[in-house]
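In the working numbering, the protein residues as written are 90 to 541.
Even glycine gets a Cβ: it sits at the ideal position worked out from N, Cα and C.
Have a look at the structure below, then the notes.
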Ligand code: PHE
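What follows is the structure, encoded as structure tokens:
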């Protein structure tokens, strides 16, 4: 059975540049997850042990699932919902597997709603770091930014507007053009930050903190946190990578590109750690401060250090760029779905979905301002509920189902064709991991979370 006759996209789009898939997927992967949350989680979880466990999660769980997502997307050449359906029907299985695609679309929309509010704060900080107020401390500054609903709302709106404009301009004219511009900028800014940490920071202390083995602080929470972080950072379980994979040429090698994307994502996270911790130590601050690490401590450092009013804005620019190239990959899967099923044009879909996400995001703006809405998921406010729902539930569920599908239901022959170009041993190893290792690890984390 084949659904392609009833569900065909008018013209299937492919990336123009040879490196675009890698740039776009790395753009999706490298985001606030790498530069903002990886370092603060390393800090909270006590340093090097977390880093090591994180690397394990990337290799054992992340990489195989990333390959599976790309394979399914490229095989079907459709947006995630239809891609899952086509891959399932062509493997002689039920089309209900499309539910996995739907899970992805829903979590993408929900994640973007708060991601945008956070990204808005980053954009706002470019200006704050360039012209820091002399009257208040960085802690007060942070309280002022997050305590002003209007300000959050303004930057959230700007950020969503950028996303709509890029996605409305199309896969080639919007996404491809932007990632080719943004990714080199991101890389240059990262190098600048690293050089800064070498000159102005205590680099050795930073290296030690990230890499000297210290297992005294490992708990089951460390594993949970590392696995969630790995999933989020690689953009898995949300259809983003599957959707970008559907635009990938058949001639490209899925194993090599996945390895490159996962490698770049991990490299940038580690480099972000190496850009931040040496500064934290050199200025006598504490690494375990949680989400405020870059907004409070780092800002305080930028205010004090030489050329801080240039380096500081560069850092927040880096964060904003990383966030933008990730955010567009959260919006694209649902817009692609609307477009391919001819529900509305791409332009209209980008505007409608963008506005919907913008609207949901207002809930997060208000949550940061002590809007006590405990009607949702226990004692959590609106934003925390969405974070909880997506991080602990939808994302691992989506990833696990992709793994189960790819390992147990997707016809091996089709998977092998997609992996062609790679050595047979690579196919066999991938299949072993995607069948037994990845789903079992995700499932155990999932069950632990639900029962603890
Ligand atoms: N990977 C992105 C980050 O690290 C976030 C993201 C998740 C983007 C899922 C797309 C899909 O910030």
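With a threshold of 8 Å, establish whether the CB of residue 327 neighbours any heavy atom of the ligand PHE. On the chain shown, position 238 is the one that residue 327 refers to. Yes, Cβ of residue 327 sits closer than 8 Å to a heavy atom of the ligand PHE.
Under the rule that 16 or more other beta-carbon atoms within 10 Å means buried, what is residue 97, buried or exposed? On the chain shown, residue 97 is found 8 positions in, with the first residue counted as 1. With a pLDDT of 42 at residue 97, under the threshold of 50, the modelled position of this residue cannot be trusted; read the value that follows with caution. If you draw a 10 Å sphere on the C-beta of residue 97, you find fewer than 16 other C-beta atoms in it, and that means exposed.
Specify the secondary structure class of residue 205 as computed by DSSP and reduced to three states. The residue you call residue 205 lines up with position 116 of the chain shown. Reduced to three states, the DSSP call for residue 205 is helix.
Under 8 Å: does the beta carbon of residue 123 sit that close to some heavy atom of the ligand PHE? Within the chain shown, the letter at position 34 stands for residue 123. Indeed, a heavy atom of the ligand PHE lies less than 8 Å from the Cβ.
How big is the Cα-Cα spacing for residue 158 and residue 343? Residue mapping note: residue 158 aligns to position 69 of the chain shown, counting from 1. Residue mapping note: residue 343 aligns to position 254 of the chain shown, counting from 1. Roughly 10 Å between the two C-alpha positions.
Among 488, 240, 268, 193, which one has its Cα closest to the Cα of residue 207? Here residue 207 refers to the residue found at position 118 of the chain shown. Closest by alpha carbon: 240.
So, are the CB atoms of residue 351 and residue 149 less than 9 Å apart? Within the chain shown, the letter at position 262 stands for residue 351. Within the chain shown, the letter at position 60 stands for residue 149. Judged by beta-carbon spacing, residue 149 lies beyond the 9 Å limit of residue 351, meaning their Cβ atoms are not closer than that value.
If you compare alpha carbons, which of 110, 508, 115, 142 is closest to residue 300? Position 211 of the chain shown, counted from the start, is the residue given in the question as residue 300. Checked all of 110, 508, 115, 142; the closest Cα to residue 300 is 142.
Taking 8 Å as the cut-off, is the C-beta of residue 450 nearer than that to any heavy atom in the ligand PHE? Along the chain shown, read from residue 1 onward, the residue named residue 450 stands at position 361. Incorrect: residue 450 has no Cβ contact closer than 8 Å to the ligand PHE.
Just the Cα atoms here: how many angstroms apart are residue 464 and residue 471? In the chain shown, counting from the first residue as 1, residue 464 sits at position 375. In the chain shown, counting from the first residue as 1, residue 471 sits at position 382. With a pLDDT of only 49 at residue 464, under the threshold of 50, the placement of this residue in the model should not be trusted; the figure read from the coordinates follows. It is roughly 9 Å from the alpha-carbon of residue 464 to the alpha-carbon of residue 471.
Measuring alpha carbon to alpha carbon, tell me which of 156, 431, 362, 518 ends up nearest residue 287. By one-based count along the chain shown, residue 287 stands at place 198. Out of 156, 431, 362, 518, 362 has the C-alpha closest to the C-alpha of residue 287.
Delimiting residues of the alpha helix (DSSP H) encompassing residue 163: Against the chain shown, residue 163 aligns to sequence position 74. Counted as a single uninterrupted DSSP element, the alpha helix (DSSP H) harbouring residue 163 occupies residues 152-165.
Smallest Cα separation from residue 263: which of 272, 273, 252? On the chain shown, position 174 is the one that residue 263 refers to. Shortest Cα-Cα distance from residue 263 to any of 272, 273, 252 involves 252.
At the level of alpha carbons, what is the spacing between residue 373 and residue 356? As a working note, residue 373 is residue 284 in the chain shown. As a working note, residue 356 is residue 267 in the chain shown. Between residue 373 and residue 356, the C-alpha separation is close to 26 Å.
Rounded to a whole number of angstroms, what is the C-alpha to C-alpha distance between residue 237 and residue 184? The residue you call residue 237 lines up with position 148 of the chain shown. The residue you call residue 184 lines up with position 95 of the chain shown. C-alpha separation (whole angstroms): 47 Å.
Can you list, in chain order, the stretches of the alpha helix (DSSP H) that have 4 or more residues and sit fully within the region 445-527? When DSSP assignments are scanned along the region 445-527, the uninterrupted stretches of alpha helix (DSSP H) that are 4 or more residues long and fall wholly within it turn out to be 471-478, 484-493, 501-507, 513-521.
Ignoring anything shorter than 4 residues or poking outside the region 269-345, list the alpha helix (DSSP H) runs there in chain order. Listed in chain order, the complete alpha helix (DSSP H) runs (minimum 4 residues) inside the region 269-345 are 292-300, 309-322, 329-334.
Coarse secondary structure for residue 174, derived from DSSP in three states: Here residue 174 corresponds to residue number 85 of the chain shown, with the count starting at 1. DSSP places residue 174 in helix when its eight states are reduced to three.
Between the CA atoms of residue 391 and residue 225 - distance to the nearest angstrom: Taking the chain shown and counting its residues from 1, the one referred to as residue 225 is at position 136. Taking the chain shown and counting its residues from 1, the one referred to as residue 391 is at position 302. Annotation: residue 225 to residue 391 spans about 14 Å, alpha carbon to alpha carbon.
Output the distance between the C-alpha atoms of residue 101 and residue 164, rounded to the nearest integer angstrom. Sequence index remark: in the chain shown, residue 101 carries index 12 (1-based). Sequence index remark: in the chain shown, residue 164 carries index 75 (1-based). Taken atom to atom, the span from the alpha-carbon of residue 101 to that of residue 164 is near 12 Å.
How many whole angstroms separate the CB atoms of residue 495 and residue 161, which I take to be in contact at a CB cut-off of 8 Å? Working through the chain shown from its first residue, we reach residue 495 at position 406. Working through the chain shown from its first residue, we reach residue 161 at position 72. Right, their Cβ atoms sit about 7 Å apart.
If we ignore side chains and look at the alpha-carbon of each, how far apart do residue 223 and residue 205 end up? Locating residue 223 in the chain shown gives position 134, counting from the first residue. Locating residue 205 in the chain shown gives position 116, counting from the first residue. Cα to Cα, the separation comes out at about 28 Å.
Euclidean distance between Cα positions of residue 283 and residue 364: Counting from one through the chain shown, the residue named residue 283 turns up at place 194. Counting from one through the chain shown, the residue named residue 364 turns up at place 275. Rounded to whole angstroms, the gap between the alpha carbons of residue 283 and residue 364 is 5 Å.
Label residue 122 either buried or exposed according to how many other C-beta atoms from any shown protein chain fall within 10 Å of its C-beta, with 16 as the threshold for buried. Taking the first residue of the chain shown as 1, we reach residue 122 at position 33. When all chains shown are included, residue 122 counts as buried.
Starting from residue 244, trace the alpha helix (DSSP H) in both directions and tell me its first and last residue. Looking up residue 244 in the chain shown gives position 155. Per DSSP, residue 244 belongs to the alpha helix (DSSP H) from 238-257.
Within the same chain, show all residues whose beta-carbon is closer than 8 Å to that of residue 377, passing over the 5 residues directly before and after it, in chain order. By 1-based counting over the chain shown, the position of residue 377 is 288. Only 132, 133, 135 meet the Cβ criterion.
Verify the contact flag: residue 321, CB atom, against every heavy atom of the ligand PHE, threshold strictly below 8 Å. Residue numbering aside, residue 321 sits at position 232 when the chain shown is read from its first letter. At least one heavy atom of the ligand PHE sits closer than 8 Å to the Cβ of residue 321.
Output needed for residue 111: all residues of its chain with C-beta closer than 7 Å, excluding positions within five of it in sequence on either side, in chain order. Position 22 of the chain shown holds residue 111. Excluding the 5 residues flanking it on each side, residue 111 has same chain C-beta neighbours closer than 7 Å at 346, 349, 350, in chain order.
Once you ignore the five residues that flank residue 105 on each side, which residues in its own chain have a CB closer than 7 Å to its CB? Looking up residue 105 in the chain shown gives position 16. Taken in chain order, the residues that qualify are 261, 265.
Quick one: Cα of residue 521 to Cα of residue 514, how far? Here residue 521 refers to the residue found at position 432 when the chain shown is read from its first residue. Here residue 514 refers to the residue found at position 425 when the chain shown is read from its first residue. Distance from the CA of residue 521 to the CA of residue 514, rounded to the nearest whole angstrom, comes to 10 Å.
Is the distance from the Cβ of residue 327 to the Cβ of residue 387 below 9 Å? Mapped onto the chain shown, residue 327 falls at position 238. Mapped onto the chain shown, residue 387 falls at position 298. Cβ distance not < 9 Å, so residue 327 and residue 387 don't count as in contact.
Opening and closing residue of the alpha helix (DSSP H) in which residue 548 lies: Since the first residue shown for the chain is 90 and the last is 541, residue 548 is missing from the structure and cannot be characterised.
Endpoints, alpha helix (DSSP H) assigned at residue 235: In the chain shown, counting from the first residue as 1, residue 235 sits at position 146. It spans 227-235 - the alpha helix (DSSP H) in which residue 235 sits, taken as one unbroken run.
Which residues in the same chain have their Cβ closer than 7 Å to the Cβ of residue 156, if we skip the five residues on either side of it in sequence? Numbered from its first residue, the chain shown carries residue 156 at position 67. The residues are 343, 344, 347, 519.
Only counting the same chain, and skipping five residues up and downstream in sequence, which positions put a Cβ closer than 6 Å to that of residue 401? Indexing the chain shown from 1 puts residue 401 at position 312. Taken in chain order, the residues that qualify are 218, 391.
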